[in-house]
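Contents: one structure, followed by commentary.
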Amino acid sequence: MTHDFPIYDPNTYLIFKISMLVLMLLVLLIISAAPAI
Numbered sequence: 912m913t914h915d916f917p918i919y920d921p922n923t924y925l926i927f928k929i930s931m932l933v934l935m936l937l938v939l940l941i942i943s944a945a946p947a948i
């Protein structure tokens with residue numbers, strides 16, 4: 912595979928959306944678990 916994945920590829924977009932969702936949930940979990948700063 913010598914070419915980069917296009918950003919408009921459905922599979923790449925789906926993986927990007929899922930990773931962003933997991934990242935947001937992780938950030939919310941850290942914020943809720945951490946004391947109020």
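Mapping of the sequence shown onto our numbering: residues 912 to 948, in sequence order. Here a beta-carbon is modelled for each residue, glycine too, at the ideal position from N, C-alpha and C.
Per-residue DSSP class, three states only, for residue i
i           : result
residue 946 : coil
Chain B within 9 Å of residue i, Cβ atoms only
i           : result
residue 937 : The structure shown contains no chain B, having only a single protein chain.
Proximal residues to residue i (C-beta, below 6 Å), its chain only, five neighbours per side dropped
i           : result
residue 945 : none
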